[in-house]
Each structure stands twice: as C-alpha cells, then as structure tokens.
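Student: Residue numbers (the working numbering): 2 to 447.
Even for Gly, the Cβ is constructed at its ideal location relative to N, Cα and C.
Here the structure is a predicted model, which is why all the values come from computation and not from measurement.
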Ligand code: FUB
C-alpha cells in the first residue's frame, strides 16, 4: 500500500504540514489527483507545479464529466523519490478576476526572475473566456499573491514561460493552436501582439506548449491530437519566436486511452526527464489524472528519443521501504496481473498477483545502501498457501530468500532470513516458487 502522511492525519492538520512520502515510482503522487506537471529546478531542488483534478463538488454547475480544479499545490524533491507536498499555493477564490464557480484552474507554470517567483495560471474570467493570470512569491512554494487583473491581450490556456539567455521572457500558451508573446521586463504584460505558430500540423488540436533551449536549439514541445488522443510532439527553431519546424514524436498516445498528456521537460543533476500525466488512479475517468516522470534522452544531433512510459519511474527505492513491485520494470509473458488493492480507494495503491508457477516480476534500482539487511518481509496473501523466491539482478541471480506465504485469505506479513544481501543499487526478481497463486502488496529488506 502506497500511503502518504496525509492518510494518517486529520485533514485540518494535514493542510498545515509539509507532508513527505516516498513515491519513487509512477504515479508520483498517490494521495490526490494531479495533472499538467510543470517541473522546474529552484534552490537546488525539483519543484513540480501540477494542476489539481478533484471530483466535482455539489456546488459545481459547469460542464458535466469535465475538468474540475479549484486550487494548486506544489511538490518538491531533491532525489525524485521523496516528494514534499507544500500544500495549496493558490485557489480560485483568491483571484479577483477569476470566476469562482468555474473550477477552471488549468495547467500552470512557474519561473524565477530577479528574486521573485512568477506563477502563471489560466482560469475562466468573471468577464468570460479563459484568461491567464500571474501570482508572485518570494519562495518557490509561496505564498503566491495574485495580480488583480489577468494579462491583457492574451486569451487562452496552458501558459509556459521561457526566460532566454539574454533575459527576455516569452509567454507561450494555447487556444486550439499554439501562441507566443514577448513579455515585458515586469513579467506581467505582453510586449506587442501574440503570434500564432501556424506552420505546425494543420489538423488536430495542439495545446500545452513547453519551450526550452539546448545548445542553441529552441524546442517547442506540445500535445497534439494526430489520431484519437493527444501524443507529445516537438518542433525546433533557432529563435524562441519561431518559425518552428516539426521534428518528431516524444511520447505516443497513452495505451490507457487518457485523452490529454500535458508535460514539461527538465534537466536535473545531468539527466533529462519528461514529466507528464496519465490516468493511473482513475482508469474509468480521464479527468482525474496522475503525474508521472520518466527519463528522456537526446541523440548527438539534438533530436529527442521517444520516451517509453514506465510504471517504475525515476527515483531510487530504498531496500528498507515497502517496495511496490506492482510498479515493475518487467514481467514474465504470462501469470502476472496488477490490480487495485481496494477497488473503492485507488489511492491505496496496487497489488501484484502471481498466478502461474515461475511467473516473475523485475523491479529495477533498489538501493541496499551498505547491504547486510537481515530479513526479507513480504506483505502477501495466498488462499491456497504459496511461496515466492527473491533473487538479485537476474532470473538466475543469487537467491536472497524464499518466502512461504501461509494459507488464508487475510493479508499477512511473511518474513524470512535474508542471505547474500549486497551493498549498492540492484534489481530484484520476485518469482512465484510454488504451484499456488500469491498476491503481493510489497516487499521489504530490514
Ligand atoms: O488540465 C486541463 C487541461 O487538460 C490542460 O490545461 C490541458 O493541457 C489538458 O491537459
């Protein structure tokens, strides 16, 4: 079970605390729905500014089965494993110009300039239509104070800001197509008229632009509906204002059928990452999404390699933690299934069911530290009684232990003496060792 501190606290206390939880795998945040992640490096840490999907409250009178969003949280991490939720940084009722009945706090961005953090967000204005506002803070986690009015001359959603090498800031946003406008040095007004990027694919919605510069190439990355749902594409230019030339696909349409795929791209400690979302916590309703991260790689010529989405994600997992093997790196061709532990509460996470002799799961990058852990603990159940074998690095790697799971329908924590536990980072292979099916919640080395 993947639980955060928030699950253990009364709501009033949780709202005040900076809750920390180890979410090295995808999705990154388990205790709430999150979408549209813009990741930035501030003060040496990764800060992720997502939007916040919620279930429609009774007072919501907008479009049914649509995005419902009333506020923003920000999450930070130094290691991409332990994420701190800094709580609500801005809510619709704080914004004078926004319609507080619209629940339309869609995809945001945050940038740092001259000692201040500028948070750009869309919302439906009291005067009608989507507008883009700015809120300002001294720290990346707020408190953010919204400006009294939206940015004049801009109508649309999904703001993203690039501050170029010469200090000039550009605002990108979308309204069916993608737009750019230069920002004045005050970061609050546009300088001149917005321009549309109209040489990108002519057919299908484009939104969620995210622009960055690398080795003199400007990359405009964006979701585009080429077929049925959004996929991530990119185009390149020698100028932040374009024209941008279509260059390829970064992420294919989600296999889950999630219609949107808002994203951002970040370099952190020598590695590039794609932050994006899917609907892991809400398979039947793709307006309740969950943010994810996977590694992204450039080719030597500056082109971007397609990202293969993973459950395993990007953070190292400590051996002593409750290792969620349902976020596996690979499995045998048959005999392994993943499902919610509690169908009525997806936030409680998943279980792995092994249903064939020798079926296996590989979970990469477990950090054993100095090694020498004494026991293997497995939270599991096996109606007919069963067993698991846990090996290191490969299917015929050293056996760390064989865990017998007693017969019964209750979840229990089985324990066995651990052997051969090495130091450092290794992959785990968990295999069904008996003939009977076994369900596993987590594995831990203590
Ligand atoms: O989250 C609401 C909207 O869905 C975003 O603004 C779009 O980019 C899409 O992800």
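Can you tell me which residues fall inside 6 Å of the ligand FUB, judged by beta-carbon distance to its nearest heavy atom, and keep chain order?
Tutor: Chain-ordered list of matching residues: 36, 37, 52, 68, 107, 108, 158, 159, 208, 209, 261 and 263.
Student: Roughly how many angstroms separate the alpha carbons of residue 81 and residue 151, rounded to a whole number?
Tutor: On the chain shown, residue 81 is found 80 positions in, with the first residue counted as 1. On the chain shown, residue 151 is found 150 positions in, with the first residue counted as 1. Their Cα atoms are separated by approximately 33 Å.
Student: Hey, quick one: how far does the beta strand (DSSP E) through residue 388 stretch, first residue to last?
Tutor: Translated into positions along the chain shown, residue 388 becomes position 387. It spans 387-393 - the beta strand (DSSP E) in which residue 388 sits, taken as one unbroken run.
Student: Buried or exposed: where does residue 94 fall if 16 or more other Cβ atoms within 10 Å of its Cβ makes it buried?
Tutor: For this step, residue 94 is matched to residue 93 along the chain shown. By the 10 Å Cβ count, residue 94 comes out exposed.
Student: Write down the C-beta distance between residue 337 and residue 353 rounded to the nearest angstrom, noting that I regard them as a contact closer than 8 Å.
Tutor: Residue numbering aside, residue 337 sits at position 336 when the chain shown is read from its first letter. Residue numbering aside, residue 353 sits at position 352 when the chain shown is read from its first letter. About 6 Å separates the two Cβ atoms, so the contact holds.
Student: What residues match up with residue 316 in a beta bridge as DSSP calls it?
Tutor: Position 315 of the chain shown, counting from 1, holds the residue named residue 316. In DSSP, residue 316 forms no bridge with anything.
Student: Thinking C-alpha only, which one of 229, 432, 292 and 360 is nearest residue 379?
Tutor: One-based indexing of the chain shown puts residue 379 at position 378. Ranking 229, 432, 292 and 360 by Cα distance to residue 379 puts 432 first.
Student: When you compare each of 436, 377, 297 and 172 to residue 391 by their alpha carbons, which one comes out closest?
Tutor: Along the chain shown, read from residue 1 onward, the residue named residue 391 stands at position 390. For residue 391, the nearest C-alpha among the options comes from 377.
Student: Would you check if there are 3 or more beta carbon pairs closer than 8 Å linking the segment 430-444 to the segment 324-335?
Tutor: Yes, they touch.
Student: Using a Cβ-Cβ cut-off of 8 Å (strictly less than) and excluding sequence neighbours within five positions of residue 419, which residues of its own chain qualify?
Tutor: Stepping through the chain shown from its first residue, residue 419 is reached at position 418. Cβ neighbours of residue 419 beyond the five flanking positions: 374, 375, 376, 377, 401, 402 and 446.
Student: Quick check: the segment 197-205 against the segment 169-182, are at least 3 beta-carbon pairs closer than 8 Å?
Tutor: These segments touch.
Student: Exposed or buried, which one is residue 286 when buried takes at least 16 other CB atoms within 10 Å?
Tutor: Indexing the chain shown from 1 puts residue 286 at position 285. Counting Cβ neighbours within 10 Å, residue 286 comes out exposed, since fewer than 16 surround it.
Student: Quick one: Cα of residue 105 to Cα of residue 40, how far?
Tutor: Taking the first residue of the chain shown as position 1, residue 105 is located at position 104. Taking the first residue of the chain shown as position 1, residue 40 is located at position 39. When rounded, the distance between both Cα atoms is 21 Å.
Student: Quick check: what's the CA-CA separation for residue 358 versus residue 441?
Tutor: Residue 358 sits at position 357 when you count from the first residue of the chain shown. Residue 441 sits at position 440 when you count from the first residue of the chain shown. Going from the Cα of residue 358 to the Cα of residue 441 covers about 15 Å.
Student: Would you kindly work out how many angstroms separate the C-alpha atoms of residue 221 and residue 412, rounded to a whole number?
Tutor: Along the chain shown, read from residue 1 onward, the residue named residue 221 stands at position 220. Along the chain shown, read from residue 1 onward, the residue named residue 412 stands at position 411. Roughly 49 Å separates the two Cα atoms.
Student: For residue 378, which of helix, strand or coil comes out of DSSP?
Tutor: The residue given as residue 378 occupies position 377 in the chain shown. In the structure shown, residue 378 sits in a strand (DSSP, three-state: E or B).
Student: Taking the beta carbon of residue 281 as the centre, do at least 16 other beta carbons fall within 10 Å, making it buried, or is it exposed?
Tutor: As a working note, residue 281 is residue 280 in the chain shown. Buried, since its Cβ has 16 or more Cβ neighbours within 10 Å.
Student: Quick one: grab the DSSP three-state call for residue 422.
Tutor: For the purposes of this step, residue 422 is identified with residue 421 of the chain shown, where counting begins at 1. Three-state DSSP puts residue 422 in coil, outside helix and strand.
Student: Hey, residue 275 and residue 251 are a contact pair by Cβ (cut 8 Å); roughly how many whole angstroms apart?
Tutor: Here the question's residue 275 lines up with position 274 in the chain shown. Here the question's residue 251 lines up with position 250 in the chain shown. Going by Cβ atoms, the distance from residue 275 to residue 251 rounds to 7 Å, so yes, they are a contact pair.
Student: Helix, strand or coil: which one does DSSP assign to residue 328?
Tutor: Translated into the one-based positions of the chain shown, residue 328 becomes position 327. The answer is helix: DSSP assigns residue 328 an H, G or I state.
Student: Just tell me which of 227, 214 and 188 has its CA closest to the CA of residue 203.
Tutor: The sequence position of residue 203 within the chain shown is 202, counting from 1. Answer by Cα proximity: 227.
Student: Between which two residues does the beta strand (DSSP E) containing residue 82 stretch?
Tutor: For the purposes of this step, residue 82 is taken as residue 81 along the chain shown, with counting starting at 1. Taken as a continuous stretch (DSSP letters only), residue 82 belongs to no beta strand (DSSP E), as it is neither H nor E.
Student: Where residue 448 and residue 315 are concerned, what is the direct C-alpha to C-alpha distance, given to the nearest angstrom?
Tutor: The requested residue 448 does not occur in the structure, where the chain is confined to residues 2 to 447.
Student: If you run the structure through DSSP and keep just helix, strand and coil, what is residue 347?
Tutor: Numbered from its first residue, the chain shown carries residue 347 at position 346. Correct three-state label for residue 347: helix.
Student: Using beta-carbon positions only, say whether residue 90 and residue 173 come within less than 9 Å of one another.
Tutor: Taking the first residue of the chain shown as 1, we reach residue 90 at position 89. Taking the first residue of the chain shown as 1, we reach residue 173 at position 172. The answer is no: Cβ separation not under 9 Å.
Student: Relative to the C-alpha of residue 186, which candidate in 205, 193, 176 and 170 has its C-alpha closest?
Tutor: By 1-based counting over the chain shown, the position of residue 186 is 185. Of the listed residues, the one whose Cα sits closest to residue 186 is 170.
Student: Once the 5 residues before and after residue 236 are set aside, which same chain residues still bring their CB inside 7 Å of it?
Tutor: For the purposes of this step, residue 236 is taken as the residue at position 235 of the chain shown. Answer for residue 236: 201, 221, 245, 246, 247 and 248, listed in chain order.
Student: Could you tell me whether the Cβ atoms of residue 370 and residue 323 are closer together than 9 Å?
Tutor: Counting from one through the chain shown, the residue named residue 370 turns up at place 369. Counting from one through the chain shown, the residue named residue 323 turns up at place 322. It is not a contact, given that the beta carbons lie outside the stated cut-off.
Student: Would a C-beta distance cut-off of 9 Å place residue 161 and residue 125 closer than the cut-off?
Tutor: If you number the chain shown from 1, residue 161 lands on position 160. If you number the chain shown from 1, residue 125 lands on position 124. No, the Cβ-Cβ distance between residue 161 and residue 125 is not below 9 Å.
Student: Would you report the Cα separation of residue 410 and residue 72, rounded to the nearest angstrom?
Tutor: If you number the chain shown from 1, residue 410 lands on position 409. If you number the chain shown from 1, residue 72 lands on position 71. Roughly 41 Å between the two C-alpha positions.
Student: Assuming the contact rule is C-beta atoms closer than 8 Å, residue 278 and residue 36 should be a hit. Round their C-beta distance to whole Å, please.
Tutor: Looking up residue 278 in the chain shown gives position 277. Looking up residue 36 in the chain shown gives position 35. Residue 278 to residue 36, Cβ: 5 Å. Contact.
Student: Would you decide whether residue 288 is buried or exposed? Buried here means 16 or more other CB atoms lie within 10 Å of its CB.
Tutor: To locate residue 288, count along the chain shown from 1; it is residue 287. Counting Cβ neighbours within 10 Å, residue 288 comes out buried, since at least 16 surround it.
Student: Quick one: Cα of residue 48 to Cα of residue 32, how far?
Tutor: Here residue 48 corresponds to residue number 47 of the chain shown, with the count starting at 1. Here residue 32 corresponds to residue number 31 of the chain shown, with the count starting at 1. Using only the alpha carbons, I get a separation of about 18 Å.
Student: Residue 262 CB to nearest chain C CB: under 9 Å?
Tutor: Within the model displayed, chain C is absent; a lone protein chain is all it includes.
Student: Quick one: what's got a C-beta closer than 6 Å to residue 68's C-beta in the same chain, skipping five residues either side?
Tutor: Residue numbering aside, residue 68 sits at position 67 when the chain shown is read from its first letter. Correct list, in chain order: 288.
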